[in-house]
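The opening residue of the sequence shown carries number 1432 in the numbering used here; numbering runs sequentially from there.
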Amino acid sequence: MKKGKLALGRGLKELLPTALKEVGGEEAGLEELLEELKKVKERVEVLGYPTEGIDEFLKREKFTKEEVRDELERWRSHLVSLTRLETVLRQMESLKMTSQVVSYRGRVSAGEEPEVVLAKAEKELKKAVLKRSRKRIPEDEISEVRKMIEESKESLQKEGAEEHLEEAKEEAVKKIEELSRSLEELTKLMGVEGEEEALKEEEGRVEEET
């Protein structure tokens, strides 16, 4: 896959007569599939990704209706993955992960499957968000929770004071819950949840349009 936009209209006109003959004159069905493939191609181009795969397919001298349908479904899947990938990359850009963004876009342009690139990008983004969120939680608060737990263990061993242990455990649990809420709030502030909602809406729109 290389970057660049190639005209599709001429290719459709040249290939249509041969294609119709190949499938026994099922004009409406094949023409509709070709138009859908054209729409998917345009959407991929809007996202900024190459479409040589579609262009090469349309250059073939002969193809069946089933082959066109398979190619359409394959590129619909790619379109959904590319749409999701762009959402992930925008989030990376907000985290100043510029080199990673360039790398992932380059992989797609070089021919790597969008679904594979997406999986790698999502994994790296999640790690980055978690790492940065943890950094924002004061270390002294984490140490305080650990200290409470250790004191609870010592109390049980030395005094056997179950009531005291329960109180300390409750305090530790409350503190852990507070830290968990802080992490969730930080994650929201970093826009992860908002991006996920936007992603779901965009994927739904892509499926409706294609």
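Cβ coordinates follow ideal geometry from the N, Cα and C atoms, glycine included. All of these numbers come straight from a predicted model, not from anything done at the bench.
So, residue i versus residue j, is the Cβ gap smaller than 9 Å?
{"i": "V1547", "j": "L1513", "result": "no"}
{"i": "E1544", "j": "H1509", "result": "yes"}
{"i": "P1682", "j": "S1540", "result": "No information on residue 1682 is available, as it lies outside the stretch 1432 to 1641 that the chain covers here."}
{"i": "E1517", "j": "L1478", "result": "yes"}
{"i": "G1484", "j": "W1506", "result": "yes"}
Enumerate in chain order the residues of its own chain whose CB-to-CB distance from residue i is below 7 Å, with the five nearest sequence positions on each side excluded.
{"i": "E1553", "result": "V1519"}
{"i": "E1555", "result": "Q1531"}
{"i": "M1528", "result": "A1559"}
{"i": "G1455", "result": "Unreliable positioning characterises G1455 in this predicted model, as indicated by a pLDDT of 42, which lies under 50. A coordinate reading is not provided."}
{"i": "R1538", "result": "V1548"}
{"i": "M1523", "result": "Q1531, V1532 and L1556"}
{"i": "G1460", "result": "K1496"}
Here's the rule I'm using: 16 or more other beta-carbon atoms within 10 Å means buried, otherwise exposed. How should residue i be labelled?
{"i": "R1563", "result": "exposed"}
{"i": "K1472", "result": "buried"}
{"i": "R1536", "result": "buried"}
{"i": "R1577", "result": "exposed"}
{"i": "R1515", "result": "buried"}
Under 9 Å between C-beta atoms, does residue i make it to chain D?
{"i": "P1545", "result": "Although the question refers to chain D, the structure presented lacks it and comprises just one protein chain."}
CB-CB under 8 Å to residue i, same chain, minus the five flanking residues each way: which ones, in chain order?
{"i": "L1384", "result": "Outside the shown range of the chain (1432 to 1641) lies residue 1384, about which nothing can therefore be said."}
Whose C-beta lies closer than 6 Å to the C-beta of residue i among residues of the same chain, with five residues either side of it excluded?
{"i": "K1551", "result": "none"}
Inter-stretch contact (C-beta, 8 Å, three-pair minimum) for the region 1484-1502 and the region 1461-1470: yes
**Item:** Contained beta strand (DSSP E) runs [length at least 3] in the region 1506-1545, N- to C-terminal order
**Value:** none
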